[in-house]
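For reference, the structure discussed in these notes is given below.
Chains as they are written, first to last, in the working numbering: chain A, 1 to 334; chain B, 335 to 668.
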């Protein structure tokens, strides 16, 4: 690369902003990655580039209203840097709804894209895979799921470096007749999509690499991911309590601690630091609200990787020819 | 009770039928519970009552077709015993879809009930609670969720012996504006229902007793429950692998084994052996397909408990007066 990849980082978004965000940006900065901090005048950018934005959108504001009303907010200004060609991607740990709204209003959708969707990397016990949509669209239609599948496939090809990734629909049984109306109608579109579609996957296998790309509406995806997180967390708490039973179980827990920690790390959906918001004319990475410095650094690296692999362009190339055309078969349910 | 509670048990349904079913029925049989085995002539009923049914519905048959075509199947005959007053409830570990179909066709819905739903007891780290619907209705409407909430509340009152049980909707955030169209429309009905409605619950807390009754459509409920099962199972497998790292971690795993086992038992959704199919004119309990003798015995006891507590009558009393009326407010979305 001739010049570093420039990532606009919303310094004001997240539970520990701006401290954790600036520290994370500093960790990620190197010859290839140039973070640009966007935030209030008073913050200490620690030698990184700093673009001043004097408004902040907080977690409790109504997303689309806040984005329209606060054009000088760190979130909106960071997005504008991408539109103006001053940054290659944007990262924020702020209000997810506001990220989605800023993506739609400032970056705008790629031609042919019905709805942007959030793609996350799920670690699993085996290889990592992509789950899309993890929460952008609580209500979806078969045509949207078809586009999510294509965007997820581009992500798997470019970011996970998989060839001809397998795609499955998240459902309540592997049989094609099992599912809700959305899943059943989407199967037909996916089967005719040219993607490597392998049918339905059950949520029982979500940590066992059910496919390279798992497609679902954002409500189901969000419920499933939070159930994984919650189950893991409840189990660790229950285990900690159970280990208090006797001196021997306490000793066992002590000896097993490294193994427990490795399981937690191996299956932790936060390993990748962030999720891509795909389907926009620029790359947007959403970090967890509670991100610490390393999670922010990972999110910035994830954004840089997407820029390097031209994820936005690759999705754009795919949409008009393959997806927009195939998204309107004569027997579509929509 | 003057006479024992009679439970019609489908001896032919389940992975290990009829052996495991007969053994389980034998375990459950006592002065208060009289299992009636329904199945082929050749089975050995071990001294229990036996009603002969010479057909079997297998796991791969189309449910409603099979129920209509096979009127002499063990599943259909077991349901008929309830209708004819020869049994007080029915239990099967067979095809869940066929159970639902037989419930609708043979037992039939209670007056005013739109859709029967499956209620399961979820153990959680604290007190157990009810999740409804865990899979009967992949597509639901706000009015159905309102009825599920009432049925779940009766279940919590009668089977878990809770007074004025709290009810929450499973969603992707606790805030009332978070959710899909179904959840958002259902909130209004639940808020006006007279139930102890406490808003939305996130799936992150499903093992932390989010409420006494969690209400959702059957697709979401099934995805969530199978995600819990799968996450727990994947974590135990990952832990077993990680414990192989060194002699010390192996020793740790050995010492911690009783604690691990107690966590597994504590959080295992199979503890209760079965799920109620509610909303019918008779009580129907669905056991897991892979049920062994103890799970079958638990399912039979669960059915007996429902009979003893008049769950069907209690639901029937509640429906016409409260639910059918309140299910049609002038601002209903349906």
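Ideal placement from N, C-alpha and C gives every residue a C-beta, glycine not left out.
This structure is a prediction, so every number in the text was calculated from the model and none was measured.
Using beta carbons (cut-off 7 Å, strictly below), is residue i in contact with chain A?
i, result
"residue 407/B", "no"
"residue 364/B", "no"
"residue 579/B", "yes"
"residue 564/B", "yes"
"residue 568/B", "yes"
"residue 586/B", "yes"
"residue 345/B", "no"
"residue 593/B", "yes"
"residue 621/B", "no"
"residue 583/B", "yes"
"residue 403/B", "no"
Could you check the C-alpha separation between residue i and residue j for me, to the nearest Å?
i, j, result
"residue 263/A", "residue 181/A", "36 Å"
"residue 123/A", "residue 253/A", "25 Å"
"residue 33/A", "residue 225/A", "30 Å"
"residue 197/A", "residue 140/A", "19 Å"
"residue 539/B", "residue 227/A", "8 Å"
"residue 601/B", "residue 479/B", "26 Å"
"residue 3/A", "residue 261/A", "39 Å"
"residue 387/B", "residue 425/B", "15 Å"
"residue 202/A", "residue 88/A", "37 Å"
"residue 189/A", "residue 110/A", "21 Å"
"residue 650/B", "residue 468/B", "21 Å"
"residue 163/A", "residue 157/A", "6 Å"
"residue 353/B", "residue 288/A", "51 Å"
"residue 242/A", "residue 44/A", "46 Å"
"residue 278/A", "residue 397/B", "40 Å"
"residue 415/B", "residue 638/B", "15 Å"
"residue 49/A", "residue 30/A", "13 Å"
"residue 107/A", "residue 427/B", "53 Å"
"residue 296/B", "residue 616/B", "Any answer about residue 296/B is impossible in this case: the structure gives chain B only from 335 up to 668."
"residue 633/B", "residue 624/B", "13 Å"
"residue 589/B", "residue 248/A", "6 Å"
"residue 389/B", "residue 436/B", "14 Å"
"residue 374/B", "residue 339/B", "23 Å"
"residue 412/B", "residue 358/B", "16 Å"
Tell me, to the nearest whole angstrom, how far the beta carbon of residue i is from that of residue j; I am working on the premise that it is less than 8 Å.
i, j, result
"residue 508/B", "residue 533/B", "6 Å"
"residue 38/A", "residue 8/A", "6 Å"
"residue 407/B", "residue 391/B", "5 Å"
"residue 453/B", "residue 609/B", "6 Å"
"residue 645/B", "residue 488/B", "6 Å"
"residue 347/B", "residue 429/B", "7 Å"
"residue 169/A", "residue 215/A", "5 Å"
"residue 295/A", "residue 273/A", "5 Å"
"residue 230/A", "residue 541/B", "6 Å"
"residue 36/A", "residue 319/A", "Incorrect: roughly 29 Å between the Cβ atoms, too far for contact."
Does the CB of residue i have a neighbour CB from chain B at under 7 Å?
i, result
"residue 262/A", "yes"
"residue 268/A", "no"
"residue 180/A", "yes"
"residue 334/A", "Unreliable placement is indicated for residue 334/A, whose pLDDT of 39 sits below 50; the coordinate value is still reported in the next sentence. No, because no Cβ of chain B sits closer than 7 Å to the Cβ of residue 334/A."
"residue 15/A", "no"
"residue 176/A", "no"
"residue 238/A", "yes"
"residue 57/A", "no"
"residue 100/A", "no"
"residue 256/A", "yes"
"residue 66/A", "no"
"residue 242/A", "yes"
"residue 296/A", "no"
"residue 159/A", "no"
Residue i: buried (16+ other C-beta within 10 angstroms of its C-beta) or exposed?
i, result
"residue 306/A", "buried"
"residue 66/A", "buried"
"residue 10/A", "buried"
"residue 476/B", "buried"
"residue 527/B", "buried"
"residue 15/A", "exposed"
"residue 394/B", "exposed"
"residue 460/B", "exposed"
"residue 47/A", "exposed"
"residue 97/A", "buried"
task = Scan the stretch 539-560 of chain B for residues whose Cβ lies nearer than 7 Å to a Cβ of chain A and list them as they occur along the chain.
result = Cβ contacts with chain A come from 539, 540, 541, 542, 553, 554, 556, 557, 558 and 560.
message = Output needed in chain order: residues of the stretch 444-473 of chain B with a Cβ under 7 Å from some Cβ in chain A.
response = Hits within the stretch, in order: 459, 469, 472 and 473.
key: Chain-ordered residues of the stretch 520-538 of chain B with a beta carbon less than 7 Å from chain A   = Residues passing the 7 Å Cβ filter: 536, 537 and 538.
request  = Could you run through the stretch 143-174 of chain A and flag, in chain order, every residue whose CB is less than 9 Å away from some CB of chain B?
outcome  = Of all residues in the stretch 143-174 of chain A, only 170, 171, 172 and 173 place a beta-carbon less than 9 Å from a beta-carbon of chain B.
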